[in-house]
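Asks: Provided herewith is a single structure, encoded as structure tokens, for subsequent inquiry.
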Amino acid sequence: MNCASPRPRGTDMGENGAQQTFNVHRATEIVRFMRKEPPAHYRIEIESFTSFLSSFPRHLQCIESTEFFVEGYKWILGIYPNDQGHLTLALQLNEPRDRFPVNAMCKFFIYNYQREMYLVVHGSQGLHFDDVLPLHGIQMLSVSDFTNVSNGFFLNDRCMFGVEVTILGIISKKAVLRALDIGRDNYNETWEIQNFSEFQKSDKVHSHQFSMGGRLWELVMYPRGCGKNWGKSLALFFGSVGLLRPY
3 MNCASPRPRG TDMGENGAQQ TFNVHRATEI VRFMRKEPPA HYRIEIESFT SFLSSFPRHL
63 QCIESTEFFV EGYKWILGIY PNDQGHLTLA LQLNEPRDRF PVNAMCKFFI YNYQREMYLV
123 VHGSQGLHFD DVLPLHGIQM LSVSDFTNVS NGFFLNDRCM FGVEVTILGI ISKKAVLRAL
183 DIGRDNYNET WEIQNFSEFQ KSDKVHSHQF SMGGRLWELV MYPRGCGKNW GKSLALFFGS
243 VGLLRPY
């Protein structure tokens, strides 16, 4: 995608001037490499980086990007210029609670102007974003290495960051499966079809509904079969269509 150039804003990403808690992946848990291709989802280039930082109060420890969308979700890239002596990039899932949780693999980028390549850093496992911990970060470089002009991450006080996000899967909601207690009595139901030949051209025919074990049921007939056996045999299915009374 094209490089975004919004004016980022200083933020503590928390309330009352307190920095929001987030999970930081340490050096033993991350993978580093250089690549030519830019990040596929979001880039931000900051001009006059040092003067930009000095224009904000000290307690505002993060530069926050504008929102961007990846795979239908809203994200925010946070840049922490001095996180315990390191430059840290963090990604926040900026969605309401009913859209959590989400698992994602995140790759963070810093552009090297000298080598014309990106330093790519990512964790060895996917990240779990939920309403308790929607923000995850990685320590990219030490502050001294990042600010050392000879290392190539600065060009005329400019620097560029980016991120790629791959959704690994939405955590499914919990379901409970339980057997119905319909007692020891036998249930019999007869479905008599008059003029069967008239239904042979139909794809599907439903029986009348009948009650059993507190539920409504029906039979479904496929006169010409279904699935791989279509056209070869008659198929008959039995299924529930709803509750007769609440449990």
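Take the sequence shown: its position 154, counted from the start at 1, is 156 in our numbering, and no numbers get skipped. Where a beta carbon is used, it is the ideal one built from N, C-alpha and C, also for glycine.
1. Looking only at its chain, what residues have a beta carbon closer than 6 Å to the beta carbon of K234, apart from the 5 residues adjacent to it on each side?
2. Residue range of the alpha helix (DSSP H) that V1 falls in?
3. How long is the line joining the alpha carbons of E49 and H124, rounded to whole angstroms?
4. Considering only the alpha carbon of each residue, which of R117, V167, E47 lies closest to C74?
5. Under 8 Å between the Cβ atoms of P225 and Q202?
6. Can you tell me which of G244, V145, L218, K206 puts its alpha carbon nearest to the alpha carbon of G87?
7. Does DSSP put L221 in a helix, a strand or coil?
8. Since A106 and F131 should fall inside the 8 Å C-beta cutoff, what is the C-beta to C-beta distance between them, to a whole number of angstroms?
9. Cutting at 7 Å between CB atoms, please list the residues of its own chain near P103, excluding the five before and the five after it.
10. Would you call the CB atoms of W219 and S204 closer than 8 Å?
11. Could you check the C-alpha separation between G229 and F71 for me, to the nearest Å?
12. Would DSSP call F102 helix, strand or coil?
13. K38: buried (16+ other C-beta within 10 angstroms of its C-beta) or exposed?
14. Of the choices Q116, V222, T52, H138, whose alpha-carbon is the least far from that of K109?
15. If we count the other Cβ atoms within 10 Å of its Cβ and call it buried at 16 or more, is W193 buried or exposed?
16. From F240 to V222, what does the alpha carbon distance come to, in whole angstroms?
17. Between which residues of its own chain and R117 is the CB-CB distance below 8 Å, once the five residues before and five after are set aside?
18. Helix, strand or coil for N84? Go by DSSP, reduced to three states.
19. Can you find the residues in the same chain that come closer than 7 Å, C-beta to C-beta, to Y189, ignoring five residues on each side of it along the sequence?
20. Look up G229 in the DSSP assignment and say whether it is helix, strand or coil.
21. Within 10 Å of its beta-carbon, does T90 have 16 or more other beta-carbons around it, so buried, or fewer, so exposed?
Replies: Taking the geometry as given:
1. G227
2. Coverage of the chain is limited to positions 3 through 249, which leaves residue 1 absent and any answer about it impossible.
3. 25 Å
4. The question names Cys, yet the displayed sequence has Gly at residue 74. With distances taken between Cα atoms, G74 lies closest to V167.
5. yes
6. V145
7. strand
8. 7 Å
9. H130, F131, D132, I173
10. no
11. 39 Å
12. coil
13. exposed
14. H138
15. exposed
16. 6 Å
17. M36, G154
18. strand
19. M214
20. helix
21. buried
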